[in-house]
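My numbering applies: residue 776 is where the sequence shown begins, and numbers increase by one. Just so it is clear, CB atoms sit at the ideal spot from N, CA and C, and this is done for glycine as well. Computed from a predicted model, the values in this text were never measured in an experiment. Each remark here refers to the structure printed beneath this line.
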Amino acid sequence: MELLEICKRAKEVRQQTAILKTDQKNKAILAVAKHLMAQKEKLIEANQIDMENGKKNGMSEGLLDRLKIDEARIAKMSEGLCQIAELEDPIGEVISMKKRPNGLMIGQKRVPLGVIGIIYESRPNVTADAFGLCFKTGNVVILRGGKDALTSNQAIVGCIREALKGENLPEDAISLITDTSHETARKFMNMNRYVDVLIPRGGAGLIRTVVENATIPVIETGTGNCHIYVDETADFDMALDIIWNAKTQRIGVCNACESLLLHEKIVDSFVPLLEQRLIKKQVEIRADEQIVHAAQQKENVVAATEEDWGTEYLDYKISAKTVSSVEDAIAHINRYNTGHSEAIVTNSYANAQKFLNEVDAAAVYVNASTRFTDGFEFGFGAEIGISTQKLHARGPMGLNALTSTKYIIYGEGQIRE
776 MELLEICKRA KEVRQQTAIL KTDQKNKAIL AVAKHLMAQK EKLIEANQID MENGKKNGMS
836 EGLLDRLKID EARIAKMSEG LCQIAELEDP IGEVISMKKR PNGLMIGQKR VPLGVIGIIY
896 ESRPNVTADA FGLCFKTGNV VILRGGKDAL TSNQAIVGCI REALKGENLP EDAISLITDT
956 SHETARKFMN MNRYVDVLIP RGGAGLIRTV VENATIPVIE TGTGNCHIYV DETADFDMAL
1016 DIIWNAKTQR IGVCNACESL LLHEKIVDSF VPLLEQRLIK KQVEIRADEQ IVHAAQQKEN
1076 VVAATEEDWG TEYLDYKISA KTVSSVEDAI AHINRYNTGH SEAIVTNSYA NAQKFLNEVD
1136 AAAVYVNAST RFTDGFEFGF GAEIGISTQK LHARGPMGLN ALTSTKYIIY GEGQIRE
């Protein structure tokens, strides 16, 4: 379909999805989860086409990891949908009700946002997550994925639409824009007559383009230059395990650790241990002079530049800098971070509380990996994105973030004098 037709159809079914009962929505979401598993071979086959094209086009290992679909990831998509079905439906919730002196009862009620547009890059799992969260909240979703994942996205959206049809529900509750040209993307950003909210998910370039060019209101999701600060009281084994997990479990995700801060008192004793751990995955440490000097093997340690402090690598690379105090660490993080996820490893209650209070980010951790910043891990079933802005929603965006409110007023014939 042409872009305009997709947007018109989405707006036409918006009211149908908005008034669906909770059990209807849950039944449909579970049907989609079941159908995805039933069609897993078809989905993996479609994904293989995208993977082969990605390799031919020189796609990095981190981006290929984002693109990949296998049986385990399809199972996780299905499980995420099942979790969404089990969650409480926020639509219709009355979140306040007060009686005015004139007798009017004035309250607020949760309602869908309407038509949600999502522009994202090579992460096919976003397709299923976006459907589940949007559908549960009575919203219609229009997806525009990247060309790298087009075949995968078409297969997933096809499965979802088939399942909706089987439940006698509008297939146009989800649509995919298959024209992946920049021109069509820019036109989509200006479809404010039909689309109520636009959410970009991807790299800094994509997000900046959407924010700067859209006439549709944007919920800005962010890139992740995530830090871990190891202070002078930290348990070394704990710190090494957290860094290893946050850096190497999946390198192509926005909640991976990209930057490391070490208190100056522990550099000489901690750095050799860090080298031994990270060299197992050939992680390159881009370090300041003190850390380079403390390194013993030096096989994977190179001198950092100013640019490294603010870089999201999405690769087996990490920056490492020496700081003199928790205050120094906080100042560095607030200067170079992207407002995503930050962590401190410490045995000091005072330092932990100071870090929690003063670091400016959507998620701040004490003695845990930044990899937990995720809708699935937070108990949302999935996420529509991780908002790094401060208006309406911040952090992993679950069901409540996809709702608005309207005032409801009960009277007994009152008129304004």
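- For residue 886 and residue 872, the gap between their C-alpha atoms comes out near 16 angstroms.
- Proximity of the segment 1022 to 1041 to the segment 1091 to 1098 meets the contact definition, three or more beta-carbon pairs being nearer than 8 angstroms.
- Secondary-structure assignment with DSSP links residue 1178 through a beta bridge to 887.
- Residue nearest to residue 862 within the set 1163, 1128, 1173 is 1173 (criterion: CA-CA distance).
- The continuous stretches of alpha helix (DSSP H) do not include residue 950, which lies in the beta strand (DSSP E) extending over residues 949 to 951.
- DSSP places residue 1145 in no alpha helix (DSSP H); its state is neither H nor E.
- The alpha-carbon of residue 1139 is positioned some 8 angstroms away from that of residue 1119.
- Cα atoms of residue 1117 and residue 902: separation of roughly 27 angstroms, rounded to the nearest angstrom.
- Listed in chain order, the non-local C-beta contacts of residue 1027 below 7 angstroms within the same chain comprise 837, 838, 840, 841, 1089, local neighbours out to five positions each way being set aside.
- Of the candidates 803, 1041, 869, 803 places its Cα closest to the Cα of residue 908.
- By alpha-carbon distance to residue 897, the top candidate from 1019, 828, 1098, 1152 is 828.
- Its chain contains 1101 as the residues whose beta carbon lies nearer than 6 angstroms to that of residue 1129, once the 5 sequence neighbours on both sides are disregarded; these appear in chain order.
- Excluding five sequence positions before and after residue 1122, the CB atoms of its chain that fall closer than 6 angstroms to its own CB belong to 1008, given in chain order.
- Residue 1016 holds the alpha-carbon nearest to the alpha-carbon of residue 1048 among 1025, 1016, 989, 943.
- With respect to the C-alpha of residue 991, the residue from 966, 998, 1006 having the closest C-alpha is 966.
- Residue 1050 sits buried, since 16 or more C-beta atoms from the chains shown fall within 10 Å of its C-beta.
- A Cβ-Cβ separation of about 28 angstroms leaves residue 818 out of contact with residue 994 under the 8 angstroms criterion.
- With distances taken between CA atoms, residue 984 lies nearest to 895 out of 834, 895, 923, 1038.
- In the three-state reduction of the DSSP assignment, residue 926 falls in the helix class.
- The C-alpha of residue 1055 is placed about 43 angstroms away from the C-alpha of residue 961.
- The way I'd put it, the segment 927 to 947 does touch the segment 784 to 801; three or more beta-carbon pairs between them come closer than 8 angstroms.
- Nearest C-alpha to residue 1004 among 976, 970, 1042: 1042.
- Inter-residue distance for residue 1176 and residue 1160 is about 10 angstroms (C-alpha atoms, whole angstroms).
- DSSP places residue 919 within a strand segment (E or B) once states are collapsed to three.
- Within the DSSP bridge table, the entry for residue 882 names 872, 1183 as partners.
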